[in-house]
Amino acid sequence: MHALLAILPILLALALMLTVKISSGKSLLSAWLLGAIFAFFIWRMDLLYILAHSLSGLIRSLDILLIIFGAILLLNVLTKLGMISSIGNGFKKISEDRRVQILIISWIFGAFIEGAAGFGTPAALAAPLLVGLGVPPFAAAMAALIANSVPVCFGAVGVPSMTGFSIVSPLVERMGIDSAAYSLELYATTAMINISFGIFIPFIIIMMVTVFFGKEKSFKAAIKPALEIFPLALYAGIVFCVPYLFVAIFIGPELPSILGGIIGFILLFFAVKKRFLVPKNVWLFPDNLNAMEGSNTMPNETMSGSTEAQNTKEISLIKAWAPYVVIAILLIISRLPHLPVRNWIQSYVLDFNNILGIEGISYSWRFLNNPGLLPFTLVTLITAFLYRMPLKDLYGILAKTSKQIINPAIALAAGVALVQIMVNTNVNSSGLDSMISEIATSLGTFFGNVYPLVAPLVGVLGAFIAGSNTVSNVLFTSLQFDTARLIGLPTILIVSLQFIGGAVGNMICVNNVVAVCATTGAQGTEGKLILRTLLPCLIYSLAVAGIAFFLLAIGYQFLA
Numbered sequence: 004m005h006a007l008l009a010i011l012p013i014l015l016a017l018a019l020m021l022t023v024k025i026s027s028g029k030s031l032l033s034a035w036l037l038g039a040i041f042a043f044f045i046w047r048m049d050l051l052y053i054l055a056h057s058l059s060g061l062i063r064s065l066d067i068l069l070i071i072f073g074a075i076l077l078l079n080v081l082t083k084l085g086m087i088s089s090i091g092n093g094f095k096k097i098s099e100d101r102r103v104q105i106l107i108i109s110w111i112f113g114a115f116i117e118g119a120a121g122f123g124t125p126a127a128l129a130a131p132l133l134v135g136l137g138v139p140p141f142a143a144a145m146a147a148l149i150a151n152s153v154p155v156c157f158g159a160v161g162v163p164s165m166t167g168f169s170i171v172s173p174l175v176e177r178m179g180i181d182s183a184a185y186s187l188e189l190y191a192t193t194a195m196i197n198i199s200f201g202i203f204i205p206f207i208i209i210m211m212v213t214v215f216f217g218k219e220k221s222f223k224a225a226i227k228p229a230l231e232i233f234p235l236a237l238y239a240g241i242v243f244c245v246p247y248l249f250v251a252i253f254i255g256p257e258l259p260s261i262l263g264g265i266i267g268f269i270l271l272f273f274a275v276k277k278r279f280l281v282p283k284n285v286w287l288f289p290d291n292l293n294a295m296e297g298s299n300t301m302p303n304e305t306m307s308g309s310t311e312a313q314n315t316k317e318i319s320l321i322k323a324w325a326p327y328v329v330i331a332i333l334l335i336i337s338r339l340p341h342l343p344v345r346n347w348i349q350s351y352v353l354d355f356n357n358i359l360g361i362e363g364i365s366y367s368w369r370f371l372n373n374p375g376l377l378p379f380t381l382v383t384l385i386t387a388f389l390y391r392m393p394l395k396d397l398y399g400i401l402a403k404t405s406k407q408i409i410n411p412a413i414a415l416a417a418g419v420a421l422v423q424i425m426v427n428t429n430v431n432s433s434g435l436d437s438m439i440s441e442i443a444t445s446l447g448t449f450f451g452n453v454y455p456l457v458a459p460l461v462g463v464l465g466a467f468i469a470g471s472n473t474v475s476n477v478l479f480t481s482l483q484f485d486t487a488r489l490i491g492l493p494t495i496l497i498v499s500l501q502f503i504g505g506a507v508g509n510m511i512c513v514n515n516v517v518a519v520c521a522t523t524g525a526q527g528t529e530g531k532l533i534l535r536t537l538l539p540c541l542i543y544s545l546a547v548a549g550i551a552f553f554l555l556a557i558g559y560q561f562l563a
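Per the numbering used here, residue 4 is the first one in the sequence shown, and the count goes up by one each step.
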């Protein structure tokens, strides 16, 4: 009964988002209120403690929100300057083969945008570019959504995984484990398991496209174009996933998707230019596919980029890519441990000690270490200045960006506050374990040693409803951690599966599906699109669960 009551706030948020179609911000705010009521009346937690932990959650969320703001601000400014349009037009000159274009734009370009911006922008940006090249809207939306999975664990400069770790770091320290060492192994394990299946995602994308949208009617004939390009698709998976893994291990969670996208793009671009592994025949879509899918025709202004582009003269590709390259370089310089820059920016700390006078409820914010401020916002403002963007336009973009993050701000603040309450309800006068421990005990008892099969699906569920891997991690990371600890499974393994599941859930999450359908002109096909992407989503989830069982079977040693 207590486990059921403990999970009700989360179920309330999910139900409000799914059935009543209330925004994630309002839904999670309602969940926080219900959690606070349960904590006070059932767990008999002191009201001041509830308020202090809620305020702690609000403060912790500010660090994440600054990253979101900087990432979206950058994208909005580059769109206004016409740089995003130039990047899209540059892709048209690489290859006429639709399969190759889909690999480059949905997989590699989408991965880079996920690493740099995240929060639904990759699919909504990559899909219209594909439509502009002649890919049917529904096919473009499907390809972009499936591709927006592997990079998401470390998307938006590492926000999803860093958020998840920030939630369990106090629990790790309570176990007497060094949180820095734990985080390093957690990120490395996440990347290792993720790429073990992730390298095949490019081939799955092409296979889904040729089977459902090719002119061939039989499955055997429809899969032939996918098999023809399998070597190049596997190559595309490798050139992204290998750098992704090494960056996650040796640098950290901020850069795997960004650098994987940059390195992968360079290697894939030159491979296509040299016709390496590229099929001899050019594969195109049938002329009548738009009508067959019942999708609307893509508006010309959207196909060519953004209606808000400021420049009538196209910016060169080098100039268009320059802000992203500068950001990647600055992030590398500021994250490498043997360079003095990292220690310098981390030395500036804003401490929130003993919140509301309660000893032990504290938070230290290294604000200069936040990529949303340095380098995202810094590079954005410098770019606007160099291209002489009118102050009126810049103010308008700042206002637009602020409005865009209102709902994510409320959702993250309420979600993190709710988790802080649920994790710390062990301090009470009722004698009950914390809410999270009560839920974890029930899950552990029911599933036992087969829990790795469930862990990624929990992450998928959170992303599907909340529309964000970050919010999924906010909701479920501490739950997954405690469940693993109580069952006796490695917490690093189960938390990694949560991170991956939340990333995979982006294929079917409601927010992404609605956004990508709107930007491609495929409105009205949202339900059908979710059903199409559900199959690779489930296959991916079961595959990483299988990899987890394999690691357990061979006795792979985890830190915790």
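The C-beta atom is built at its ideal place from N, Cα and C for all residues, glycine as well.
- Comparing alpha carbon positions, the residue from ILE266, ILE208 and THR193 closest to ARG101 is ILE208.
- Here the stretch 25 to 33 does not lie against the stretch 46 to 58, with fewer than 3 beta-carbon pairs under 8 Å apart.
- Spatial neighbours of ILE424 in its own chain (CB-CB distance under 7 Å, excluding positions within 5 residues in sequence) are listed in chain order as GLY38, ALA39, ALA42, ILE53, HIS56 and SER57.
- Per the coordinates, the alpha-carbon of GLY137 lies some 27 Å from the alpha-carbon of GLY201.
- In the DSSP assignment, TRP368 falls within the beta strand (DSSP E) that extends over 366 to 368.
- Distance check between LEU189 and each of LEU500, ASP354, ILE75 and LEU76 places LEU500 closest, using alpha-carbon atoms only.
- For LEU61, DSSP records no beta bridge to any residue.
- Not a single unbroken stretch of the beta strand (DSSP E) spanning 3 or more residues falls wholly within the stretch 392 to 458.
- For LEU353, the three-state secondary structure derived from DSSP is strand.
- Rounded to the nearest whole angstrom, the C-alpha separation of LEU69 and PHE222 is 48 Å.
- DSSP, read as helix, strand or coil, puts GLN526 in coil.
- The stretch 153 to 164 and the stretch 227 to 238 do not touch, with fewer than three beta-carbon pairs separated by less than 8 Å.
- Per the C-alpha coordinates, the member of ILE542, LEU377 and LEU492 positioned closest to PHE72 is LEU377.
- Rounded to the nearest angstrom, the gap between the Cα atoms of LEU81 and LEU17 is 34 Å.
- Going by DSSP, SER88 is part of the alpha helix (DSSP H) stretching over 86 to 94.
- Around the beta carbon of MET20, 16 or more other beta carbons sit within 10 angstroms, so the residue counts as buried.
- Here SER109 is buried, its C-beta having at least 16 other C-beta atoms within 10 Å.
- Excluding sequence positions up to five before and after ALA120, its CB lies within less than 6 Å of the CB of ALA74 and LEU78, all in the same chain and listed in chain order.
- Taking a C-beta distance under 8 Å as the contact criterion, ASN431 and TRP46 qualify as a contact pair.
- When rounded, the separation of the alpha-carbon atoms in LEU421 and HIS5 is 17 Å.
- ILE67 places its beta carbon less than 8 Å from that of LEU415.
- Of CYS512, VAL507, PRO205 and GLY217, the smallest CA-CA separation from ILE111 is found for PRO205.
- Taking 8 Å as the cut-off, the beta carbon of VAL426 is found no closer than this to the beta carbon of THR166.
- Between the alpha carbons of ARG369 and SER59 lies a gap of roughly 15 Å.
- Taking every protein chain shown into account, the CB of GLU176 has fewer than 16 other CB atoms within 10 angstroms, so this residue is exposed.
- Excluding five sequence positions before and after SER475, the CB atoms of its chain that fall closer than 7 Å to its own CB belong to GLY462, GLY465, ALA466, ALA469, GLY505 and GLY508, given in chain order.
- Rounded to whole angstroms, LEU132 and SER319 show a C-alpha spacing of 17 Å.
- Shortest Cα-Cα distance from LEU562 to any of TYR185, VAL155, VAL212 and PHE288 involves TYR185.
- Around the beta-carbon of ILE542, fewer than 16 other beta-carbon atoms lie within 10 Å, marking it exposed.
- Leaving aside the five residues that flank CYS540 on each side, the residues in its chain whose CB is nearer than 6 Å to its CB run, in chain order, VAL507, MET510 and ILE511.
- VAL214 carries a helical assignment under DSSP once its states are collapsed to helix, strand and coil.
- Contact annotation: the stretch 397 to 417 does not touch the stretch 355 to 368, with fewer than three C-beta pairs closer than 8 Å.
- Straight-line measurement puts the Cα of GLY93 at about 33 Å from the Cα of LYS220.
- The beta carbon of THR494 is closer than 7 Å to those of PHE484, ALA487, ARG488 and ALA563 in its chain, skipping five residues each way along the sequence.
- In this model, GLY434 and LYS395 are separated by some 59 Å (Cα to Cα).
- Scanning the stretch 103 to 181 for uninterrupted alpha helix (DSSP H) segments of 4 residues or longer gives 113 to 119, 124 to 135, 140 to 150 and 158 to 177, listed from N- to C-terminal end.
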